[in-house]
Amino acid sequence: MLNLTLFREIFYQSRIPQLISSIDFTMVQFNPAFNEFVGYSSDELEKLSVEGISHPEDMITDKRLFKELLDYQRNEYQLEKRYIHKSGEIKTGVLTVSRIKERLTGEEFLLGQVLDITEKKQMENALKYREKKYRLLAEHSSDIIVLHKVDFTCLYISPSVKTILGYQPEEMIGKSPLEFIHPDDLIEIRKQQICAQVEEIKLITYRCRKKDGSFVWIESTVKALTDTETGEVKEIVTVSRDIEQRMETQDRLRKSEKLAVVGQMAAAVAHEIRNPLTPIKGFMQLLNAEKEMNPVYLKIVLDELHRVEVIISEFLTMAKPHTKKLTNVYIDHLVEQVVQLLKPDANLTSKELQIDVERSNLSIMGDPNSLTQVFLNIIQNALEATANRGLVHIKVMPDSTGVTIEIIDNGCGIPSERLSKLGEPFYSTKERGTGLGLMTCYRIIEAHQGRINIESQEGNGTTVTIWLPFKSTNS
Ligand code: ADP
Ligand code: MG
Numbered sequence: 208m209l210n211l212t213l214f215r216e217i218f219y220q221s222r223i224p225q226l227i228s229s230i231d232f233t234m235v236q237f238n239p240a241f242n243e244f245v246g247y248s249s250d251e252l253e254k255l256s257v258e259g260i261s262h263p264e265d266m267i268t269d270k271r272l273f274k275e276l277l278d279y280q281r282n283e284y285q286l287e288k289r290y291i292h293k294s295g296e297i298k299t300g301v302l303t304v305s306r307i308k309e310r311l312t313g314e315e316f317l318l319g320q321v322l323d324i325t326e327k328k329q330m331e332n333a334l335k336y337r338e339k340k341y342r343l344l345a346e347h348s349s350d351i352i353v354l355h356k357v358d359f360t361c362l363y364i365s366p367s368v369k370t371i372l373g374y375q376p377e378e379m380i381g382k383s384p385l386e387f388i389h390p391d392d393l394i395e396i397r398k399q400q401i402c403a404q405v406e407e408i409k410l411i412t413y414r415c416r417k418k419d420g421s422f423v424w425i426e427s428t429v430k431a432l433t434d435t436e437t438g439e440v441k442e443i444v445t446v447s448r449d450i451e452q453r454m455e456t457q458d459r460l461r462k463s464e465k466l467a468v469v470g471q472m473a474a475a476v477a478h479e480i481r482n483p484l485t486p487i488k489g490f491m492q493l494l495n496a497e498k499e500m501n502p503v504y505l506k507i508v509l510d511e512l513h514r515v516e517v518i519i520s521e522f523l524t525m526a527k528p529h530t531k532k533l534t535n536v537y538i539d540h541l542v543e544q545v546v547q548l549l550k551p552d553a554n555l556t557s558k559e560l561q562i563d564v565e566r567s568n569l570s571i572m573g574d575p576n577s578l579t580q581v582f583l584n585i586i587q588n589a590l591e592a593t594a595n596r597g598l599v600h601i602k603v604m605p606d607s608t609g610v611t612i613e614i615i616d617n618g619c620g621i622p623s624e625r626l627s628k629l630g631e632p633f634y635s636t637k638e639r640g641t642g643l644g645l646m647t648c649y650r651i652i653e654a655h656q657g658r659i660n661i662e663s664q665e666g667n668g669t670t671v672t673i674w675l676p677f678k679s680t681n682s
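Using the working numbering, read the sequence shown as starting at 208 and increasing by one per residue.
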């Protein structure tokens, strides 16, 4: 049989704040844990009433339940209650009060125990506050912020979906956004396996169906939220915005650049067409005079006619609208064609165009029209930068993963403070320049997952280095 002293020890040693009191509350004993919990000594506590250490709002329930206990309506009660520490700090505890009976004498006592949950409460409150803050941010964002389940169905969608797509947030909850993506873009998006690499934030652009049935260009960042312990994807967050206007601007710029290049080319091409036409006319006149067919003359006529054909087909490539279709392109052939196209013009101003191909038949995946546009722009820039007797040297060099094309000129160069401005639209130092060429080049190379780099020394010349991968990932 365990003795009373042992129980007394347990009561005093316990880390749980406790008190024992007579039913009429005239004799109360607190354990040191309780003293620590409220910050008062037992003597101080005896002078203070329960009200003195309790939050007034919680006192009402406490009193009601206490009365029920005294009236034998219950043997025990429990409530979450705020206490006021001596320092003024609010502590939260789960109070359990029970009635206990001394077996021998039949005398009754009250046992009060408090489970200190202050820290847990503070954490909960901080969490609630944080959630409220983030919700507020989401609700007022002009972007559409969506929380998805792992299968992409929407759990939460911010109200801006109404302004951008016309749907009420409730209409989208539980649905998969994939239902709203344009079928052509969906194929692309599926290829990218958005969730395969969870750590990365992915950027996707696609057309999204609005409530009125029309489509709008949207750009979304996709990020998976993972469980910190298991690394398993729990939810997915996407932030999406309307990029319709940006797409339109890009489209307009691309068109205006095309017009400018075509305009500049028109002069050179017209000249090129006139040149072979002169011998054709001459020999035809000779034929006419001799009234018989000389096979040598005929060959010359046919050769020159073939040349006209080549030039005209090049010119048509330029004028054709930009397509996003990727095909096999022999990049060395393409660069050589551009050089052939520009050579007559260079010769006319006594400039030299030199090309070195390390290995021929280098096939990459790309759009021949836009790549032609890139090399035309860059080689033309190089020619324009050099004065008479200028030299533009082009090198085509393959490596294991792609092809590097270097365009080196000994022209005027670019001052270092201007170097950073290259690629910005409308930056031009030429009287008739558009300042759109390089910007278009940057974008086209980027679309081919390639790289472009410009190094220059004022007065000494410029080197433009373009690298294109053999296989780009969207091929
Ligand atoms: P544009 O040729 O119509 O002026 P670009 O975008 O092609 O427009 O080029 C922008 C500017 O960059 C040019 O006006 C020129 O000042 C500078 N630039 C580009 N390439 C070279 C180069 N190879 N050497 C010197 N300056 C260059
Ligand atoms: Mg240019």
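Cβ atoms here follow ideal geometry from the backbone N, Cα and C, with glycine treated the same way.
Could you check if residue i is buried or exposed, using at least 16 other CB atoms within 10 Å of its CB as the buried criterion?
{"i": "Thr579", "result": "buried"}
{"i": "Thr534", "result": "exposed"}
{"i": "Ser664", "result": "With the sequence shown as reference, residue 664 is identified as Gln, and Ser is not the correct amino acid for it. With fewer than 16 Cβ atoms within 10 Å of its Cβ, Gln664 is classed as exposed."}
{"i": "Ile621", "result": "buried"}
{"i": "Gln225", "result": "buried"}
{"i": "Gly597", "result": "buried"}
{"i": "Gly420", "result": "exposed"}
{"i": "Phe214", "result": "exposed"}
In the structure shown, what three-state DSSP assignment does residue i receive?
{"i": "Ser577", "result": "helix"}
{"i": "Ala431", "result": "strand"}
{"i": "Val357", "result": "coil"}
{"i": "Ile612", "result": "strand"}
{"i": "Gln558", "result": "Reading off the sequence, residue 558 comes out as Lys, not Gln. In the structure shown, Lys558 sits in coil (DSSP, three-state: anything other than H, G, I, E or B)."}
{"i": "Arg596", "result": "coil"}
{"i": "Lys369", "result": "helix"}
{"i": "Phe237", "result": "strand"}
{"i": "Asp269", "result": "helix"}
{"i": "Ile621", "result": "coil"}
{"i": "Met604", "result": "strand"}
{"i": "Ser383", "result": "coil"}
{"i": "Asn660", "result": "strand"}
{"i": "Ala526", "result": "Here Ala526 scores only 48 on pLDDT, less than 50, and its place in the model is too uncertain to base an answer on."}
{"i": "Lys628", "result": "coil"}
{"i": "Tyr279", "result": "coil"}
{"i": "Leu393", "result": "helix"}
{"i": "Asp689", "result": "Residue 689 cannot be examined here, being either before or after the span of the chain that is shown, 208 to 682."}
{"i": "Val671", "result": "strand"}
Under 9 Å between the Cβ atoms of residue i and residue j?
{"i": "Glu624", "j": "Thr672", "result": "no"}
{"i": "Tyr363", "j": "Leu354", "result": "yes"}
{"i": "Leu277", "j": "Glu283", "result": "no"}
{"i": "Val357", "j": "Phe244", "result": "no"}
{"i": "Gly657", "j": "Leu675", "result": "yes"}
{"i": "Thr647", "j": "Ile661", "result": "no"}
{"i": "Val235", "j": "Leu252", "result": "yes"}
{"i": "Val564", "j": "Glu543", "result": "yes"}
{"i": "Ile538", "j": "Ser577", "result": "no"}
{"i": "Val429", "j": "Lys409", "result": "yes"}
{"i": "Thr611", "j": "Phe677", "result": "no"}
{"i": "His600", "j": "Gln561", "result": "yes"}
{"i": "Thr360", "j": "Asp392", "result": "no"}
{"i": "Ile388", "j": "Arg414", "result": "yes"}
{"i": "Arg448", "j": "Ile480", "result": "no"}
{"i": "Asn584", "j": "Val446", "result": "no"}
{"i": "Leu555", "j": "Gln587", "result": "no"}
Quick one: Cα of residue i to Cα of residue j, how far?
{"i": "Lys532", "j": "Asp434", "result": "40 Å"}
{"i": "Ser682", "j": "Met572", "result": "In this predicted model, Ser682 has a pLDDT of only 42, less than 50, meaning its place in the structure is not dependable enough to derive any value."}
{"i": "His297", "j": "Tyr290", "result": "The identity of residue 297 in the sequence shown is Ile, whereas the question assumes His. In a straight line, the C-alpha of Ile297 is about 6 Å away from that of Tyr290."}
{"i": "Met500", "j": "Leu494", "result": "6 Å"}
{"i": "Gln492", "j": "His513", "result": "19 Å"}
{"i": "Ile507", "j": "Gly489", "result": "11 Å"}
{"i": "Ser229", "j": "His262", "result": "23 Å"}
{"i": "Leu645", "j": "Asp574", "result": "17 Å"}
{"i": "Lys254", "j": "Tyr247", "result": "10 Å"}
{"i": "Pro239", "j": "Ser249", "result": "8 Å"}
{"i": "Pro551", "j": "Ser348", "result": "57 Å"}
{"i": "Ser301", "j": "Gln285", "result": "Just to set this straight, residue 301 is Val in the shown sequence, not Ser. Using only the alpha carbons, I get a separation of about 7 Å."}
{"i": "Lys527", "j": "Arg459", "result": "The predicted position of Lys527 is uncertain, since its pLDDT is 48 and thus under 50; no value can be drawn from it."}
{"i": "Lys339", "j": "Phe273", "result": "36 Å"}
{"i": "Leu541", "j": "Ile651", "result": "15 Å"}
{"i": "Ser557", "j": "Asn595", "result": "6 Å"}
{"i": "Glu442", "j": "Leu432", "result": "5 Å"}
In the DSSP assignment, what residue or residues form a beta bridge with residue i?
{"i": "Asn535", "result": "Met572"}
{"i": "Cys415", "result": "Ile388 and Val423"}
{"i": "Gln225", "result": "Gln320"}
{"i": "Asp409", "result": "Note on residue identity: the sequence assigns Lys, not Asp, to residue 409. Note: Lys409 sits in a beta bridge opposite Val429."}
{"i": "Arg306", "result": "Leu317"}
{"i": "Ile297", "result": "Ile291"}
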